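Written below as structure tokens is the structure these notes are about.
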Amino acid sequence: MGRTGPTVPAGLGGPARRADRAAVRRPATTDPEPDGEPDGRLGTEPGGETGREPGPSAGAPPRGVRKRTAAAAVLAPAAVMLALGLWGLDRGTMWRDESATLQVARRSLPEIWHLLGTIDAVHGLYYLLMHAVLAVRDDELALRVPSVLATAATAALVAAIGCRLARPRVGLWAGLLYATTPFVSHYAQEGRSYALVATGAALATWLLIRAVEHPSYGRWTGYGVAVGVTALLHEFAILLLAAHGLTLLLSRVAWRTWRGWGCAASAAALALLPLALFSQGQSGQVSWIRTPGPEEAEALLRAFAGPGDTVLTGTLLLAAVALLAPRPRTGALPLGAVALPLALVPPVLLYAAAQWQPLFLDRYLLFGLAGVPLLAAAGADRVLELLPLPPRGRWAVAAAGVAVVAGAFAGQLPEQERERLPASRGDELARTASVVGRLARPGDAVLFLPLHERRVALAYPRDFTGLRDLTLRRSPAASGTLFGEEVPAAELRARLARLPASARVWVVSDTNAGDRWIRSQRAEHAKTTVLGELYREESSVFVRGGAVSLYVRR
Numbered sequence: 116m117g118r119t120g121p122t123v124p125a126g127l128g129g130p131a132r133r134a135d136r137a138a139v140r141r142p143a144t145t146d147p148e149p150d151g152e153p154d155g156r157l158g159t160e161p162g163g164e165t166g167r168e169p170g171p172s173a174g175a176p177p178r179g180v181r182k183r184t185a186a187a188a189v190l191a192p193a194a195v196m197l198a199l200g201l202w203g204l205d206r207g208t209m210w211r212d213e214s215a216t217l218q219v220a221r222r223s224l225p226e227i228w229h230l231l232g233t234i235d236a237v238h239g240l241y242y243l244l245m246h247a248v249l250a251v252r253d254d255e256l257a258l259r260v261p262s263v264l265a266t267a268a269t270a271a272l273v274a275a276i277g278c279r280l281a282r283p284r285v286g287l288w289a290g291l292l293y294a295t296t297p298f299v300s301h302y303a304q305e306g307r308s309y310a311l312v313a314t315g316a317a318l319a320t321w322l323l324i325r326a327v328e329h330p331s332y333g334r335w336t337g338y339g340v341a342v343g344v345t346a347l348l349h350e351f352a353i354l355l356l357a358a359h360g361l362t363l364l365l366s367r368v369a370w371r372t373w374r375g376w377g378c379a380a381s382a383a384a385l386a387l388l389p390l391a392l393f394s395q396g397q398s399g400q401v402s403w404i405r406t407p408g409p410e411e412a413e414a415l416l417r418a419f420a421g422p423g424d425t426v427l428t429g430t431l432l433l434a435a436v437a438l439l440a441p442r443p444r445t446g447a448l449p450l451g452a453v454a455l456p457l458a459l460v461p462p463v464l465l466y467a468a469a470q471w472q473p474l475f476l477d478r479y480l481l482f483g484l485a486g487v488p489l490l491a492a493a494g495a496d497r498v499l500e501l502l503p504l505p506p507r508g509r510w511a512v513a514a515a516g517v518a519v520v521a522g523a524f525a526g527q528l529p530e531q532e533r534e535r536l537p538a539s540r541g542d543e544l545a546r547t548a549s550v551v552g553r554l555a556r557p558g559d560a561v562l563f564l565p566l567h568e569r570r571v572a573l574a575y576p577r578d579f580t581g582l583r584d585l586t587l588r589r590s591p592a593a594s595g596t597l598f599g600e601e602v603p604a605a606e607l608r609a610r611l612a613r614l615p616a617s618a619r620v621w622v623v624s625d626t627n628a629g630d631r632w633i634r635s636q637r638a639e640h641a642k643t644t645v646l647g648e649l650y651r652e653e654s655s656v657f658v659r660g661g662a663v664s665l666y667v668r669r
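Taking the numbering used here, the leading residue of the sequence shown gets 116, the next gets one more, and so forth.
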């Protein structure tokens, strides 16, 4: 709730009044030190002195040392996350979602605007950002670097929150736990918006803490802007407001805090409203998502708390300690009241809503993961408080915690290595394109089945040089679509008939779609029917997620 001292009119700040004001502001339980260290106190209880360490005058580090300690606790996780993000960043291939980012970001601004009117409006802000990035360097590495940098920033923000609400070693452990989570590494190396959304959510949480501690129009405005921009990057980030609302409720903040937060939250929601209403008309693009069940809930739990049973159990036990035996409140907001809603509220709300309109995907909820390492680190710190450690043992304790995190990372190293393989994604477009480039000859024709498999040629156009696209009527950029517009079956039949008798047709197909789905799509089924009447399949090469088949005239 921030500083609660009485307001002193200008000109009335005499010595006695200043002394009264200082006395009101003294308790460490409502005014943390700048580095987040609770002024040497570990377990002070209301009305008692139990669990007190020696104060600053009895051997606690000076304020300058504490500031440097907190800075190191914030920077170390960022450096670790940056190194992990750059490790294996070039997988040698994009997958389908990344290819959408690349081919849209390469378009001109009018072409991007045209596209957003028909599809993918929810990713519009991200596409505009990546358009600027690819103007500097246009390749797969540049496509992923913003996600790497964003995730490093998120690790630093998680650590900063831990330092502010607890102490530097809690922030250090929380930031490192976040950085070494395989689920985080996955989206740190993906050219999509989810890592940036996580950064925006962590920043908004940090700004919320600062605004509650020291309310002002500027701080609440900054918080509202952070939430609004994050929600514009991905609509479901607006669920962050529900988490923060529960945080304030659990913290029993004053009415003026509710007023400031309400104004900022309303402004962020109003900023998102036009996009939310407009994107309803494009909801068909996520119609493939199924209604979630226990399997999806468990998968999200393992993504947040660790895929392995050992790490998962340890994380949950430490989080339980943090919640059942919380640290004494050292700031405006208790750590548990910030971390638990962040990790729990968005998944629960989206899971419940998805029972009526299926929209539950783990990547949509990456921004809530930060709450889990904060709870785990706070629980570990709470367990260590039971040990009789001298003041000079703090560094050893912090180092021991880092060693435990390193051990957990070593145990999950196989998962980390898998995240950096081409097989970690749904398909490998580069391998599919390379098969075409190796086998096809100039003058051959190509047909994409279904329409969206044209993404292979859009991602790797060099392998399709000299090939004729049998079904394309208007290009993706000209039609304002992701994959272009195709000719009807009658025109396809005419184009096939005009090909020389010796002409070869290469069919690039998405094996994830399946024959049953193809038959259910009228246009795609018509393509296969016409092709089968005039040509026969001679050979096929299968790659992960796709196939390249050679057809010759009957």
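Beta carbons are placed, not taken as given, at the ideal position from N, Cα and C, and that holds for glycine.
Fair warning: this is a prediction, and the values are worked out from it, not measured in the lab.
At a cut-off of 3 residues, the continuous stretches assigned as beta strand (DSSP E) that sit fully inside the segment 587-659 are 587-589, 619-625 and 650-658. Distance check between Leu-474 and each of Ala-187, Val-401 and Arg-570 places Val-401 closest, using alpha-carbon atoms only. Secondary structure note for Val-237: it is in no beta strand (DSSP E), with a DSSP letter that is neither H nor E. Inter-segment contact for the segment 347-366 and the segment 311-319 is present: three or more beta-carbon pairs are separated by less than 8 angstroms. Where Ala-270 is concerned, the enclosing alpha helix (DSSP H) starts and stops at 255-280.
DSSP, reduced to helix, strand and coil, places Leu-432 within a helical segment of the structure shown.
Going by C-alpha positions, Gly-396 is about 11 angstroms away from Asp-235. Looking from the CA of Leu-272, the closest CA among Arg-252, Gly-337, Ala-294 and Arg-556 belongs to Ala-294. In this structure, Trp-471 keeps its C-beta atom at 7 angstroms or more from the C-beta atom of Val-561. Within a 10 Å sphere around the beta-carbon of Gly-629 sit fewer than 16 other beta-carbons, which makes this residue exposed. Residue environment for Tyr-242: buried (at least 16 other C-beta atoms within 10 angstroms of its C-beta). Residue nearest to Thr-580 within the set Arg-608, Asp-559 and Leu-388 is Asp-559 (criterion: CA-CA distance).
Val-551 counts as buried, since at least 16 other C-beta atoms from the protein chains shown sit within 10 angstroms of its C-beta.
One thing to note: Val-645 has its Cβ no nearer than 7 angstroms to the Cβ of Ala-618.
In this structure, Pro-409 lies away from Tyr-466, with their beta-carbon atoms at least 7 angstroms apart. In the assembly as shown, Phe-657 is an exposed residue. Its beta-carbon has fewer than 16 other beta-carbons within 10 Å. Spatial neighbours of Leu-322 in its own chain (CB-CB distance under 6 angstroms, excluding positions within 5 residues in sequence) are listed in chain order as Gly-337, Tyr-338 and Ala-341.
When only Cα atoms are considered, Arg-183 and Leu-427 end up about 32 angstroms apart.
By the Cβ neighbour-count rule, Trp-335 is buried, with 16 or more other Cβ atoms within 10 Å of its own. Look at the beta carbons and you see the segment 479-499 touching the segment 277-295: at least three pairs across the two are nearer than 8 angstroms.
The straight-line gap separating the alpha-carbon atoms of Glu-532 and Val-180 is approximately 38 angstroms. Taking the Cβ atoms as the reference, Trp-376 lies roughly 6 angstroms from Leu-363, within the contact range of under 8 angstroms.
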